[in-house]
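In the working numbering, the protein residues as written are -7 to 391. Even for Gly, the Cβ is constructed at its ideal location relative to N, Cα and C. Nothing here was measured: the structure is a model prediction, and the numbers come from that model. A short write-up of the structure that comes next.
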């Protein structure tokens, strides 16, 4: 693994930096500012959650139409636009004067950070590597768990020392003056480009062609329910983790202390998935990647002791690590890399839409008086049903 990383240090570092700096738009990062948003704009947690939902839905609707351009323009230009967009998103958020401008900031953060930064990492890596694609994706995706370890203490300290607005502005400045030149320099070691430079008409026709290929695949239709399991359940649990801890009487400090379990398990999942994909196939791994998550949710439902919290965090991280490399590799195996940007954009849009609904659904169930035990039982049952179609699809070699 280390020899492989040394041999391909530039493309791997390029991808890892993009996944690392997706943090400003990730749920774990934005969640650190929820209290500050509420205090400045007079919003309760439900109000902030509604803005988050709206911004996420808007970013999902935009992602397909922006993300497919990675198939048509040079990577150096697309990457630069995404990094600059992330910096602008941080600045807009830091300058928000009310709920409307905060919504716009959250929309840009979700689009450029959680959406396009990861999109650049996965698409560029999948195109650069062929035979060892799984291993490469496992390495570049390490940026996310590393950011989950590094950013929270820095952000909390920044908010306490200089306030939330300068903290977000500083994150944007680092993106503009450090990340941008560094990633542009790293691209000199990546020679693979998109298949062509295309005009608007050609790009639109290619977008439609890519969507037709995707929608005609029986495997894709079989995989749709399983693809929804991780983004829905993980987002729901992470967004309401403090609420569930309060219901169970767990110390709030124990919630923060459980985050390393998430990051460490995520790293383990990334490394393991890369090895399995290269030796077997991504489709075979896809059938089983949600099992750790469902096991962790079973523990959360059945165990009221505080140790259930790091267990469910680890299960989310491990399944997330498996999924991060597996999905991109599945599309590359099925459809090749020519229209990979279009296909990833469409899939990401679907998964972001699913994740946007999760906090509302779980919040409504808990507010209606459903116990954590009952909610997790039903979530696990539905999850088992959702992961069954891909098993059937793989058994009969659907394409």
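Taking the C-alpha atoms as reference points, what is the distance between residue i and residue j?
i	j	result
residue 313	residue 266	10 Å
residue 85	residue 371	34 Å
residue 6	residue -3	12 Å
residue 217	residue 378	5 Å
residue 36	residue 89	16 Å
residue 210	residue 239	43 Å
residue 40	residue 29	7 Å
residue 350	residue 16	20 Å
residue 193	residue 70	A caution first: residue 193 carries a pLDDT of 49, below 50, which makes its placement in the model unreliable, though a value can still be read off. If you take the alpha carbons of residue 193 and residue 70, they lie about 18 Å apart.
residue 167	residue 360	42 Å
residue 150	residue 225	30 Å
residue 191	residue 299	For residue 191, the predicted model reports a pLDDT of 48, less than 50, meaning its position is unreliable and no value from the coordinates is stated.
residue -5	residue 127	12 Å
residue 324	residue 335	9 Å
residue 260	residue 386	25 Å
residue 207	residue 124	28 Å
residue 305	residue 164	29 Å
residue 8	residue 34	37 Å
residue 342	residue 272	27 Å
residue 293	residue 344	25 Å
residue 141	residue -1	27 Å
residue 155	residue 105	21 Å
residue 316	residue 130	8 Å
residue 65	residue 12	23 Å
residue 101	residue 78	6 Å
residue 158	residue 152	11 Å
residue 179	residue 3	7 Å
residue 21	residue 75	17 Å
residue 327	residue 204	12 Å
residue 284	residue 338	26 Å
residue 175	residue 10	8 Å
Could you round the C-beta distance between residue i and residue j to whole angstroms and report it? I think they count as a contact, below 8 Å.
i	j	result
residue 301	residue 134	At roughly 24 Å, the Cβ-Cβ gap does not stay under 8 Å, so residue 301 and residue 134 are not in contact.
residue 396	residue 51	This structure cannot speak to residue 396, because the chain is shown only from -7 to 391.
residue 332	residue 115	6 Å
residue 112	residue 24	Between residue 24 and residue 112 the Cβ distance is about 24 Å, and since that is not below 8 Å, they are no contact.
residue 269	residue 214	Incorrect: roughly 19 Å between the Cβ atoms, too far for contact.
residue 288	residue 255	Not a contact, Cβ separation roughly 15 Å.
residue 279	residue 19	With 8 Å as the limit, residue 279 and residue 19 do not qualify as a contact, their Cβ atoms being about 26 Å apart.
Determine the DSSP secondary structure at residue i, reduced to helix, strand or coil.
i	result
residue 232	coil
residue 298	coil
residue 11	helix
residue 123	coil
residue 0	coil
residue 21	helix
residue 281	coil
residue 213	helix
residue 347	helix
residue 313	helix
residue 333	helix
residue 360	coil
residue 328	coil
residue 354	helix
residue 34	coil
residue 90	coil
residue 134	coil
residue 155	coil
residue 321	helix
residue 384	helix
Might you give, ordered along the chain, the residues of its own chain that have their beta carbon closer than 8 Å to the beta carbon of residue i, omitting 5 neighbours on each side?
i	result
residue 237	243, 244, 246, 247, 301
residue 252	141
Can you name, in chain order, every residue of its own chain whose Cβ lies under 6 Å from the Cβ of residue i, other than the five neighbours on each side?
i	result
residue 160	82, 85, 86
residue 384	none
residue 286	372, 375
residue 188	Per-residue confidence for residue 188 stands at a pLDDT of 46, beneath the threshold of 50, marking its modelled position as unreliable; no derived number is given.
residue 62	70, 115, 333
residue 347	223, 227
residue 369	293
residue 49	348
residue 274	318, 321, 322, 325
residue 108	74
Looking only at its own chain, which residues have a Cβ that is under 7 Å from the Cβ of residue i, when we skip the five neighbours before and after it?
i	result
residue 380	none
residue 228	350, 351, 353, 354
residue 54	103
residue 282	218, 221, 222, 311, 375, 379
residue 233	247
residue 46	95
residue 303	288, 291
residue 276	386
residue 185	Because the pLDDT at residue 185 is just 49, under 50, the model does not fix this residue reliably, and the value given afterwards should be weighed accordingly. Answer for residue 185: 66, 67, listed in chain order.
Segments assigned alpha helix (DSSP H), at least 4 residues, entirely inside the stretch 36 to 88
37 to 59, 67 to 86
If you scan the stretch 220 to 278 from start to end, which runs of the alpha helix (DSSP H) of 4 or more residues do you find wholly inside it?
233 to 240, 244 to 249, 251 to 271, 274 to 278
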